[in-house]
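K.L.:
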Amino acid sequence: TDYLLTRQAKIVACTVTHAALARQRLIKLGFTYDSIVVEEAGQMLEVENFIPLLLQKGEAGGSRLKRVCLFGDHHQLPPIIKNRTLSAKANMDMSFFARMVKLGIKHYTLDSQGRARDEISKLYGWRYGGLASLDCVGEGAYEKANAGFLHNFQMVDVPDFEGKGEHAPTPHYIQNLGEAEYVVAVFQYMVLIGYDPRRISILTTYNGQKDLIKDVLQSRCSNRIFGTMPTVSTVDKYQGQQNDFILLSLVRTKHVGHLRDVRRLVVALSRAKLGLYVFCRKANFERCGDLQHSLELLAKNGDGKLELVTGEGYGAVERKSGEEPEEGKKFVCDSLVSLGRVVHDLQSMVLQG
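Laid out in structure tokens, this is it:
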């Protein structure tokens, strides 16, 4: 392994943490390199950026290192600093990448995206001064509507469930049972009409809600019909990842909370490729001015009530994106109860057939 590393390998990939742990061994082996590419540099601690620069012995008269390329996004989440004093007073939540951008060091900004439908990219593209879409996001699966849904993205207003909105069983462990039940019901609906569970991710802004959603999934989807469980994660942990369909629970009903940082909103809205469905207390988040642009775009689809299209199955839909369904096929879920009836009927059909 050491021979391949020092004599044969053209590209060596590792995490910054592993580089720090292996530094002494690499220097002892005589490991050399002249170029470094750092990915997700915008979310690294400032000191972490210097670790990859120090993995080889210096040379007389200078360094063998010739190029350092940092790739990142300072419009998304910064390094996570749990000590509020260090974060606020020492600016440790500013990455080296963001600092260079702020200082005006020459950098290049991508002006086009090739991940999401163009209409979804507009939800966060305004943070980048306008973001064009590549031709690839208008072809293939991107041309067709999401089976069973009237809209490719929508905000769903979730009222109190059993008399409760957000609650915290222990301090800072915030949960919202209504949103958890709604998100899981939509996941069930999607799987029952043919969606692959692996192409669906469920995101939320709080660890308490993440654990609650997992509990509800275990309770509602532990039979053979639903197969593989979806990925359930917090928005912060999911940065750098993506999936075709994202179900997002914003949890809070009294205060905006973590989402007041617009960078977290950008991460949350930019994970989806084909479909994004946001579950929240609409009136609560509308009060936050920093989020207005994205929320106004989200609110254009529907009136806070989930709008479905009956009789469609994943992989068999011919309806184009933005095209109205046939007359009589539109179904508006007035509440979680009405969605529950749809799921129950579909589940009964699957078990009988």
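Position one of the sequence shown corresponds to residue 231 (my numbering), numbered consecutively onward.
Every residue gets a Cβ at the ideal spot worked out from N, C-alpha and C, and that includes glycine.
Please classify Leu495 as buried or exposed, where buried requires at least 16 neighbouring CB atoms within 10 angstroms.
P.N.:
buried
K.L.:
Residues in the same chain with beta-carbon distance under 8 Å from Tyr419, minus the five sequence neighbours each way, listed in chain order, please.
P.N.:
Gly378, Leu538, Leu569, Val572, Val573, Leu576
K.L.:
Determine the DSSP secondary structure at Gly368, reduced to helix, strand or coil.
P.N.:
helix
K.L.:
How would you label Gln306, buried or exposed, when you count the other beta carbons within 10 angstroms and need 16 or more for buried?
P.N.:
Burial call: buried.
K.L.:
If you drop the 5 nearest sequence neighbours on each side, which residues of the same chain put their C-beta closer than 6 Å to that of Val388?
P.N.:
Gly408, Glu409, Tyr412, Phe509
K.L.:
Below 8 Å on the Cβ atoms is my guess for Met385 versus Lys560; work out the distance and round it to an integer in Å.
P.N.:
The pair is not a contact, with the Cβ atoms about 18 Å apart (cut-off 8 Å).
K.L.:
For the beta strand (DSSP E) holding Thr464, just list the boundary residues, first then last.
P.N.:
461 to 464
K.L.:
Have a look at the DSSP bridge pairing and note the partners of Glu289.
P.N.:
Gly292
K.L.:
Going by C-alpha distance, which of Thr434, Thr245, Lys258, Thr262 is nearest Met274?
P.N.:
Thr245
K.L.:
Assuming Leu499 and Leu489 are in contact, meaning their beta carbons sit under 8 Å apart, how far apart are those beta carbons, in whole angstroms?
P.N.:
At roughly 11 Å, the Cβ-Cβ gap does not stay under 8 Å, so Leu499 and Leu489 are not in contact.
K.L.:
In angstroms with no decimal places, state the Cα-to-Cα distance between Lys530 and Gly438.
P.N.:
Going by the C-alpha atoms only, they are around 30 Å apart.
K.L.:
Between the alpha carbons of Asp264 and Val547, how many angstroms are there, rounded?
P.N.:
51 Å
K.L.:
Taking the alpha carbon of Pro460 as the point to measure from, which residue in Ala250, Thr435, Val421, Leu504 has its own alpha carbon closest?
P.N.:
Val421
K.L.:
Looking at Asp303 and Gly272, is the spacing between their C-beta atoms short of 7 Å?
P.N.:
Against a cut-off of 7 Å, the Cβ pair of Asp303 and Gly272 comes out as a contact.
K.L.:
According to the neighbour-count rule (16 or more other Cβ atoms, all chains shown, within 10 Å of its Cβ), is Ile310 buried or exposed?
P.N.:
exposed
K.L.:
Could you spell out where the beta strand (DSSP E) holding Asn473 opens and where it closes?
P.N.:
Membership of Asn473 in the beta strand (DSSP E) is indicated by the continuous run 473 to 479.
K.L.:
Assuming Phe383 and Glu349 are in contact, meaning their beta carbons sit under 8 Å apart, how far apart are those beta carbons, in whole angstroms?
P.N.:
7 Å
K.L.:
Using DSSP with H/G/I as helix, E/B as strand and the rest coil, what is Val242?
P.N.:
coil
K.L.:
Could you pull out every unbroken beta strand (DSSP E) segment of at least 3 residues lying fully inside the stretch 333 to 384, listed in chain order?
P.N.:
none
K.L.:
Counting along the chain, where does the alpha helix (DSSP H) carrying Lys512 start and finish?
P.N.:
512 to 516
K.L.:
I want to know whether the stretch 397 to 407 touches the stretch 435 to 453 - three or more CB-CB distances under 8 Å.
P.N.:
yes
K.L.:
Does DSSP classify Phe561 as helix, strand or coil?
P.N.:
strand
K.L.:
Does the stretch 357 to 365 come within contact of the stretch 331 to 348, defined as at least 3 CB pairs closer than 8 Å?
P.N.:
yes
K.L.:
Within this structure, are the beta carbons of Lys535 and Val562 separated by less than 7 Å?
P.N.:
yes
K.L.:
Please name the residue or residues paired with Val298 in a DSSP beta bridge.
P.N.:
Ile266
K.L.:
Could you name the residues that DSSP lists as bridge partners for Ser431?
P.N.:
Thr461, Ile476
K.L.:
What runs of the beta strand (DSSP E), each 3 residues or longer, lie entirely inside the stretch 528 to 572?
P.N.:
537 to 539, 560 to 562
K.L.:
Report back the beta-carbon spacing between Thr236 and Leu259 to the nearest angstrom; my notes put them in contact at under 8 Å.
P.N.:
5 Å
K.L.:
Give the straight-line distance between the Cα atoms of Tyr544 and Lys374, rounded to the nearest whole angstrom.
P.N.:
11 Å
K.L.:
When you compare only the Cα positions, how much space is there between Leu256 and Arg297?
P.N.:
19 Å
K.L.:
To which residues does DSSP link Val580 through a beta bridge?
P.N.:
Beta-bridge pairing links Val580 to no other residue.
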